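Chains as they are written, first to last, in the working numbering: chain Z, 1 to 217; chain U, 1001 to 1217; chain L, 2001 to 2232; chain X, 3001 to 3232. Idealized CB from N, CA, C, for every residue including glycine. Remember, predicted model here, so these are calculated numbers, not experimental data.
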Amino acid sequence: MLDKNQIAQRIAKEVKDGYYVNLGIGIPTLVANFVRDDISVEFQSENGILGMGPFPYEGEEDPDLINAGKQTITALPGASFFDSAMSFGMIRGQHVDLTILGAMEVSQNGDIANWKIPGKMVKGMGGAMDLVASAENIIVAMMHTNRAGESKLLKECTLPLTGVACVKKIVSNLAVMEVRDGKFHLLERAPGVSVEEIQQATEGDLVVEGDIPEMKF
Amino acid sequence: MLDKNQIAQRIAKEVKDGYYVNLGIGIPTLVANFVRDDISVEFQSENGILGMGPFPYEGEEDPDLINAGKQTITALPGASFFDSAMSFGMIRGQHVDLTILGAMEVSQNGDIANWKIPGKMVKGMGGAMDLVASAENIIVAMMHTNRAGESKLLKECTLPLTGVACVKKIVSNLAVMEVRDGKFHLLERAPGVSVEEIQQATEGDLVVEGDIPEMKF
Amino acid sequence: MINKTVANVREACEGIDDGMTFMLGGFGLCGIPENIINELVRRNVQGVTCISNNAGVDDFGLGLLLKKHQIKKMISSYVGENAEFERQMLSGEMEVELVPQGTLAQRCEAARTGIPAFFTPAGYGTEVAEGKETREFNGKMHIMERAFEADFSFVKAWKGDEAGNLIFKGTARNFNPAMCGAGKITVAEVEELVPAGELDPNHVHIPGIFVQRIFQGEKYEKRIEQLTVRKK
Amino acid sequence: MINKTVANVREACEGIDDGMTFMLGGFGLCGIPENIINELVRRNVQGVTCISNNAGVDDFGLGLLLKKHQIKKMISSYVGENAEFERQMLSGEMEVELVPQGTLAQRCEAARTGIPAFFTPAGYGTEVAEGKETREFNGKMHIMERAFEADFSFVKAWKGDEAGNLIFKGTARNFNPAMCGAGKITVAEVEELVPAGELDPNHVHIPGIFVQRIFQGEKYEKRIEQLTVRKK
């Protein structure tokens, strides 16, 4: 079973040379730590920066320089700042190559829910609705089940949707799956996790074809 | 009868303190020369400058600094440059207080035609359609009649329209008129021009109420 | 040059009234019009609608207005950092319209630029699309969104000049530019106000035509919401 | 940093083909991609559609392509300076779509920003509105306009860096920013190409994400269309 860092590490393998990448809050943010340093990648944060760098050194933080998670960051050489309208112009205009975000639920046709639990929790969709409606290439980083052990990979989402039929790939603590033809397709198992365990943790239809390899990092 | 400079001079009286003004090509461009210098006015040129100044001194012209008439200009202190999308955002968003432009024909309900003579001349509408559709305050600078002596102030325009029911005021070589309730209302006569002469040169309905004063400069 | 300077935040806020709609720039606590927000608290303006991406935190930014129940309705995209906000929303004390962040920005920009409506794919198939016109373009479904209407836009810039020209710094830019000129009156507070002619006209982010009043803020706390650093 | 530099104008124009649609920045002869236009003439690409506010003059800018009959269709707002253009248009040799200037800019910007359609008042009640959906918003009639589609955007900036970031100068900015990222591939030529890190990220007008290829132009004539000066 993967921990959060390992999920991020596995997702980092999906980041290709020349990609502009938007990282959501939480596990996705960790992906930046694992991207190979022999490829060129630029991170976009939707609050208005391209070319986002690592956290600043102690004492060098700038309140006017944060990411979408409101964390203090730095800007790399070649960075640029812009306003929110232009930022979402980039996103809606499909100039960002890869979006990585978290989810509370994903359905087997690629619907995603991650912004609201009616009556309980409403943080808002932030930029997630724009991101999932626009991106060609969306990877969801998530735990396979909730704290009660219930599957978060469902036939149909039960929570209010963030977007419809948009998720292409899921990396959970148990598996890598592709969403295709209205089903989850199992691609890789987490080290030490069996196909049966994944099957059991997946409420939606899971297609298992041939031998499912263990993930490599 | 006014010459072009006098038309510009009369229009300049309509320019108030604190106005942002867009000047069209031709007579309107001359208006800048006659604006009182005890009021604050900024000229916008739709190709991307606010705070346009006079022509540059000989030898100081910059090919990267022109107005919408493609003439070399200067920028005053407090000027700003911007792109065409933002420029027309200003115009459509009604941030420009006054638009002054030329016309080939104006009708008594405020329609204007100034971009095309079918089969003969097509220069294009440039920014005129955006300007007339958006501006609250439009003044037309024009000759009252064409070279053949025919009225250019008509019941209905004969040429393809630039905009409908948008012209508020006209300053011609003969008169100042307001367009209201589907008629031309005579406000002022050019020095030495009689009401009858104006009436004769106006094909559209001209309302003459009370004594019509001569223009003052 | 048309001079837009006013003496101070009190003069800058002349004309605000109960029940009005305000736009406020900022992302989280970054780039928020601190001095104006404090003045709104001081004036105790009531029953206002605020269009702002976030709602501050409990003791800073718009959270100060929230705490005093000055806000009737919030139009935001994300309010996760503010416990009091969530409480007022869930209890129904405050009306809330949640809007996708890109749509929020574009509805401001549309108001500024005289575009009454536009189509976006964001929110199609979700609650956000309810009651809205949908349409397919290029094989993809979109929803029609409308420009916002607001009485005042309150923004914060880094530098500004007497003519109202604004320059922003880093990611403190965020929603501020799109809101300039989007409300009937735009009030800008800046860290440094300079005479006309000192800013390079090529570097101006927002031309002064979009700003009706400008003043230099008395002080800036610029609180950091999530301090994240690494060791040297 | 993702490096966007290409060696020269030839490499920058790889992939262009007959029958394609190009966007070209510039207003009159100001801020036009001179080196790219010369390359289009050299390559003798045929039957192209050009989206450009103007069409150059008879012996400079897009006028060069016009003279060689390389252009099948022009989409412009104003073509008054070009006699050959008017001749080809009136004779029917070339197809022309005249578009209000603000609509032209916004249709580029819309293409860049994933807005498939928007409403504008410009052109309502005129030929421009023919065949288009009209609708009333806030008591005023508007027409629906669509985003452009283009294969290449060709733009000219003042300075650029390896990451493709662009800074424009004066009114040479005009249509160039709105076209960046509006075509499938955006090619930028700059007067000065600098290493990443040399441009202040606050001053960047167009982030490199909107630019696929960048190169420093060999030379710039920057011809003046209407020299107007006053005596010292």
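### Query
Within 10 angstroms of its Cβ, does residue 2089 of chain L collect 16 or more other Cβ (buried), or is it exposed?
buried
### Query
Applying a beta-carbon distance threshold of less than 8 Å, which residues of chain L neighbour residue 1092 of chain U?
2113, 2114 and 2115
#### Entry: Local conformation of residue 2063 of chain L per DSSP, three classes
Three-state result, residue 2063 of chain L: helix.
### Query
In three-state DSSP terms, what is residue 2152 of chain L?
strand
### Task
Have a look at residue 1008 of chain U and residue 1169 of chain U and give me their C-alpha separation to the nearest angstrom.
14 Å
### Closest Cα partner of residue 1068 of chain U within the set U/1211, U/1167, U/1145 and U/1126
U/1126
### Query
So which of Z/96, Z/163, Z/173 and Z/43 has the shortest CA-CA distance to residue 3112 of chain X?
Z/96
### Query
What are the boundary residues of the alpha helix (DSSP H) that includes residue 3132 of chain X?
Premise fails: residue 3132 of chain X is in no alpha helix (DSSP H) and is neither H nor E.
### Message
Which residue marks the beginning of the alpha helix (DSSP H) containing residue 1132 of chain U, and which one marks its end?
### Response
1128–1134
### Message
Closest to residue 3140 of chain X by C-alpha separation, out of X/3123, X/3148, X/3150 and X/3128, would be which residue?
### Response
X/3123
### Message
Mapping the DSSP letters down to three states, classify residue 1009 of chain U as helix, strand or coil.
### Response
Here residue 1009 of chain U sits in helix by DSSP.
### Members of the region 1126–1140 of chain U near chain L, C-beta cut-off 8 Å
1134
#### Entry: 8 Å CB neighbourhood of residue 195 of chain Z in its chain, flanking five on each side removed
Closer than 8 Å at the Cβ level, and outside the excluded window around residue 195 of chain Z, lie 186, 189, 208 and 212.
### Query
Using a C-beta cutoff of 7 Å, does residue 3233 of chain X count as contacting chain U?
Nothing can be reported for residue 3233 of chain X, as the shown portion of chain X is limited to 3001 through 3232.
### Message
Using the Cβ count rule (16 or more neighbours within 10 Å means buried), how would you classify residue 1111 of chain U?
### Response
By the 10 Å Cβ count, residue 1111 of chain U comes out buried.
### Task
Give the interface partners of residue 2202 of chain L over in chain X, defined as CB-CB distance under 9 Å, in chain order.
3158, 3167, 3168, 3169, 3170, 3173, 3203 and 3205
### Task
Report the three-state DSSP secondary structure of residue 1102 of chain U (helix, strand or coil).
When secondary structure is reduced to three states using DSSP, residue 1102 of chain U falls in the strand class.
#### Entry: Short CB-CB distance (under 7 Å) between residue 3137 of chain X and chain L
yes
### Task
Look up residue 2183 of chain L in the DSSP assignment and say whether it is helix, strand or coil.
strand
### Query
Going by the beta-carbon positions, is the gap between residue 3126 of chain X and residue 1159 of chain U smaller than 7 Å?
Taking 7 Å as the cut-off, the beta carbon of residue 3126 of chain X is found no closer than this to the beta carbon of residue 1159 of chain U.
#### Entry: Contact list for residue 3148 of chain X against chain L, beta-carbon separation under 7 Å
Chain L residues near residue 3148 of chain X: none, gap ~12 Å exceeds 7 Å.
### Message
Tell me the DSSP secondary structure of residue 81 of chain Z in three-state form.
### Response
Per DSSP, reduced to three states, the secondary structure at residue 81 of chain Z is strand.
### Message
For chain L, check one thing: does any of its Cβ atoms lie closer than 7 Å to the Cβ of residue 1042 of chain U?
### Response
yes
### Query
Taking the alpha carbon of residue 2120 of chain L as the point to measure from, which residue in X/3121, X/3110 and X/3120 has its own alpha carbon closest?
X/3110
### Message
Quick test of your reading: residue 2011 of chain L and residue 2220 of chain L, contact by CB under 8 Å. State the CB separation rounded to the nearest angstrom.
### Response
Not quite, the Cβ-Cβ distance comes to about 19 Å (not below 8 Å), so this is no contact.
### Query
Taking the C-alpha atoms as reference points, what is the distance between residue 2021 of chain L and residue 3040 of chain X?
If you take the alpha carbons of residue 2021 of chain L and residue 3040 of chain X, they lie about 52 Å apart.
### Message
DSSP three-state label for residue 147 of chain Z, please.
### Response
coil
### Cβ-based burial, residue 1005 of chain U [other Cβ within 10 Å; buried from 16]
exposed
### Query
Is there contact here, the region 40–49 of chain Z with the region 78–85 of chain Z, by at least three beta-carbon pairs under 8 Å?
yes
### Task
Grab the span of the alpha helix (DSSP H) containing residue 3012 of chain X for me, first residue to last.
3009–3012
### Message
Just verifying my parser: in three-state terms, what is the DSSP assignment at residue 183 of chain Z?
### Response
strand
#### Entry: Reduced DSSP secondary structure (H/G/I, E/B, other) of residue 2102 of chain L
helix
### Query
So with Cβ pairs under 7 Å, would you call residue 72 of chain Z a contact of chain L?
yes
### Task
Mark residue 202 of chain Z as exposed unless 16 or more other C-beta atoms lie within 10 angstroms of its C-beta, in which case mark it buried.
buried
### Task
Determine, using beta-carbon pairs with one atom in the region 2017–2032 of chain L and one in the region 2169–2189 of chain L, whether at least three such pairs fall under 8 Å.
Output reads yes: the region 2169–2189 of chain L touches the region 2017–2032 of chain L.
### Simplified DSSP assignment, three categories, for residue 3119 of chain X
In the three-state DSSP reduction, residue 3119 of chain X falls in the strand class (E or B).
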